[in-house]
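Protein chains in written order, with the working numbering: chain A, 1 to 114; chain B, 1 to 118. Quick reminder that beta carbons are idealized off the backbone N, C-alpha and C, glycines included. Note that the structure is predicted; figures quoted are calculated from it, not measured. For reference, the structure discussed in these notes is given below.
This is how it looks when you write it as structure tokens:
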């Protein structure tokens with residue numbers, strides 16, 4: 001069974017600063033990996049996903065993530081944060097067989113200072 | 001294309017009452033999921049349907065929760081009777097099918113139903 005850990009519950013950055021949100025996973029093989037964003041009162045929106053191939057994945061809204069097998073990590077990055085990026089971010093790990101279900105982390109709430 | 005539709009958006013009920021949530025997935029999506037998201041936590045899978053069959057309901061509290069997808073399209077999740085700890089956002093998601101690299105699809109989520117049990 002897979003699991004995912006997001007070590008940071010809250011992160012605060014200044015607008016224009018760079019951002020890195022951490023995600024560590026546990027799975028018996030290379031999993032499918034996802035980052036979702038959730039604004040207050042909204043559903044989950046897919047930012048990017050990793051299935052295979054290039055370990056640096058580009059997503060929407062200027063986000064990218066890097067899969068590092070040796071560290072079992074899939075950290076999300078953005079070079080310059082905008083105030084509209086304030087939201088909650090969830091990392092998810094998907095099984096690559098069986099029901100292909102996703103397991104979500106507990107989320108990281110991002111606050112952006114003007 | 002239209003997204004995943006859920007209703008109602010909000011529901012407040014007293015404990016021991018019953019409640020039902022409805023989800024209409026994206027047209028053509030064979031797989032439908034119900035997730036429970038308690039405040040401050042990540043979504044937790046309750047049940048997964050492939051067409052009208054259940055493929056995973058291992059975390060569904062079956063003594064009080066039930067779900068169906070009779071015609072393999074829309075789905076209903078019911079809670080009877082509700083408890084205070086059921087207060088959460090109930091998210092529905094759908095996907096084209098098996099999420100293999102050849103399909104390249106992730107889930108598409110609806111906006112959710114926020115349930116408050118008082």
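In terms of residue numbering, what span does the beta strand (DSSP E) encompassing residue i cover?
{"i": "residue 102(A)", "result": "102-104"}
{"i": "residue 117(B)", "result": "113-117"}
{"i": "residue 7(B)", "result": "5-7"}
{"i": "residue 179(A)", "result": "Chain A is shown only over 1 to 114; residue 179(A) falls outside these bounds and no answer can be derived."}
{"i": "residue 87(B)", "result": "Residue 87(B) -> no beta strand (DSSP E), and no H or E assigned at all."}
{"i": "residue 56(B)", "result": "53-56"}
{"i": "residue 11(B)", "result": "10-13"}
{"i": "residue 50(B)", "result": "44-50"}
{"i": "residue 21(A)", "result": "19-21"}
{"i": "residue 5(A)", "result": "3-5"}
{"i": "residue 66(B)", "result": "65-68"}
{"i": "residue 20(B)", "result": "19-24"}
Based on the DSSP output, what are the partners of residue i in its beta bridges?
{"i": "residue 83(A)", "result": "Residue 83(A) is not bridged to any residue."}
{"i": "residue 73(B)", "result": "According to DSSP, residue 73(B) bridges with nothing at all."}
{"i": "residue 91(A)", "result": "35(A)"}
{"i": "residue 39(B)", "result": "For residue 39(B), which the question treats as bridged, DSSP gives no partner whatsoever."}
{"i": "residue 11(A)", "result": "110(A)"}
{"i": "residue 33(B)", "result": "48(B) and 93(B)"}
{"i": "residue 99(A)", "result": "According to DSSP, residue 99(A) bridges with nothing at all."}
{"i": "residue 62(B)", "result": "DSSP output for residue 62(B) lists no bridge partner at all."}
{"i": "residue 108(B)", "result": "94(B)"}
{"i": "residue 83(B)", "result": "In the DSSP output, where bridge partners are listed per residue, residue 83(B) has none listed."}
My assumption, with CB atoms under 8 Å, is that residue i sits in contact with residue j. Please give the rounded CB distance.
{"i": "residue 60(A)", "j": "residue 47(A)", "result": "6 Å"}
{"i": "residue 15(A)", "j": "residue 112(A)", "result": "5 Å"}
{"i": "residue 6(B)", "j": "residue 111(B)", "result": "6 Å"}
{"i": "residue 150(A)", "j": "residue 34(A)", "result": "A question about residue 150(A) goes unanswered here, because the residues of chain A that appear run from 1 up to 114."}
{"i": "residue 48(B)", "j": "residue 31(B)", "result": "7 Å"}
{"i": "residue 54(B)", "j": "residue 87(B)", "result": "Residue 54(B) to residue 87(B), Cβ: 25 Å. No contact."}
{"i": "residue 76(B)", "j": "residue 2(B)", "result": "Not confirmed; about 19 Å, so no contact."}
{"i": "residue 95(A)", "j": "residue 31(A)", "result": "7 Å"}
{"i": "residue 4(B)", "j": "residue 94(B)", "result": "5 Å"}
Next item on the list: Specify whether the region 15-31 of chain A and the region 95-106 of chain A touch according to this definition: at least 3 beta carbon pairs, one from each stretch, less than 8 Å apart.
Entry: Segments in contact, yes.
Next item on the list: Spell out a yes or no on whether the region 6-22 of chain B and the region 62-79 of chain A are touching, meaning 3 or more CB-CB pairs, one atom from each, closer than 8 Å.
Entry: As far as the Cβ criterion goes, the region 6-22 of chain B does not touch the region 62-79 of chain A, which means the pair count is below three.
Notebook entry, point to check: Unbroken beta strand (DSSP E) runs of length 3 or more, entirely within the region 34-83 of chain A: which are they?
Noted result: Taking only runs of at least 3 residues, the beta strand (DSSP E) segments lying wholly in the region 34-83 of chain A are 44-50, 56-58, 64-68 and 73-78.
Notebook entry, point to check: Is the region 57-76 of chain B in contact with the region 75-94 of chain A, if contact means three or more CB pairs nearer than 8 Å?
Noted result: Not touching, per the Cβ criterion.
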